[in-house]
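If you're matching positions, the sequence shown starts at 6 in this note's numbering and goes up one per residue.
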Amino acid sequence: MRLTLLSIVLATFLTTSAFSQVTIAYTFFGDSAYDLLGECVSNAGDVNGDGYADVIAGAFADDNNGQSSGSARVYSGVDGSILYTFSGDNAWDQLGSSVDGAGDVNNDGFDDVIVGAPSADPNGLNSGLARVYSGLNGSVLYTFNGTVSYDSLGYSVAGAGDVNDDGFDDLVVGIPFSNVGGPDTGRARVFSGADGSLLLTVNGDSPYDAFGSAVDGAGDVNG
């Protein structure tokens, strides 16, 4: 069973030789065969506000709400317990295809998470979606939807940091199969953490660029 096992390792660095000693902190297993837990993983930030960094892992082939509806799970850094399980709405949504810590999106003192479901169908087949979940209580803070079939919004997701300097952490989402400039030109969108509004859209240059296949926050690159 490929990638049904996710191991989180804590490396102990010795002054004489880096990586000379590695200790396994936790091992997390998928619930069922072919869930593919661990296909994507990320630091979730301190989701429950206990002073320890937590972990989020995707299982896009999980069948909680139909075949490959997908799921994402947040694990406690302090004891490895399950803090939250988020499941896709429908069969073949593949929620958990991408996951990341979102930072403190709503500025409530708890770090939040973002999860992609690029095969969901909110605005046509595989238009895709991305959801931001509260670290405080697991509720849905925002859902961002692809606009047309086969956009596959949510193929990549990330916390973007405070892009517009308003005190709220923002989100970036990849839409690699958008046809905005020709077939599979792709695009990436940045959404406000304060209210979920669209802050910025960046498009690929040419057909088949698949721009947005990977996204991340860059920090203050130019100072």
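Heads up, the beta-carbon is just placed ideally off N, CA and C, and yes, glycines get one too.
Computed from a predicted structure; not experimentally measured.
Residue i - DSSP class collapsed to helix/strand/coil
i	result
Pro212	coil
Thr206	strand
Asn69	strand
Phe173	coil
Asn128	coil
Phe34	strand
Asp117	strand
Asp59	strand
Asp105	strand
Leu141	coil
Asn48	strand
Ser218	coil
Val110	coil
Ser161	strand
Ala135	strand
Asn150	strand
Ala64	strand
Gly198	coil
Ala96	coil
Tyr155	coil
Thr190	coil
Sequence-distant residues of the same chain with beta carbon closer than 7 Å to residue i, five excluded per side
i	result
Asn112	Gly172, Phe173
Leu204	Val168, Asn169, Asp175, Val195, Phe196, Ser197
Val83	Asp55, Tyr57
Thr190	Ser183, Asn184, Asn208, Gly209, Ser211, Pro212, Asp214, Phe216
C-alpha distance - residue i paired with residue j, whole-angstrom precision
i	j	result
Val110	Asp214	30 Å
Gly93	Ile119	13 Å
Phe33	Gly50	18 Å
Val220	Gly114	25 Å
Gly140	Leu88	9 Å
Val60	Gly101	13 Å
Close-in-space but distant-in-sequence residues of the same chain around residue i (CB under 6 Å, 5 per side omitted)
i	result
Val46	Ala62
Tyr155	Asn131, Phe182
Thr152	Asn128
Outcome for residue i when other beta-carbon atoms lying within 10 angstroms are tallied against a minimum of 16
i	result
Ile29	exposed
Gln26	exposed
Tyr147	buried
Ser202	exposed
Val162	buried
Cβ of residue i within 8 Å of any chain D Cβ
i	result
Phe115	Among the protein chains of the structure shown there is no chain D, as only one such chain exists.
Beta-carbon proximity list for residue i, same chain, < 8 Å, skipping 5 on both sides
i	result
Gly224	Gly166
Gln99	Phe65, Ala66, Ser73, Ser74, Gly75, Gly93, Ala122, Pro123, Ser124, Ala125
Rounded distance between the beta-carbons of residue j and residue i, thought under 8 Å
i	j	result
Asn53	Ser81	7 Å
Gly228	Pro212	In fact, because the Cβ distance is near 35 Å, the residues do not count as touching under 8 Å.
Ser103	Gly133	The Cβ separation is near 10 Å, so there is no contact.
Phe91	Tyr138	6 Å
Residue i: CB within 7 Å of a non-hydrogen atom of the ligand GTP
i	result
Val185	Looking for the ligand GTP in the displayed structure turns up nothing, as the structure carries no ligands at all.
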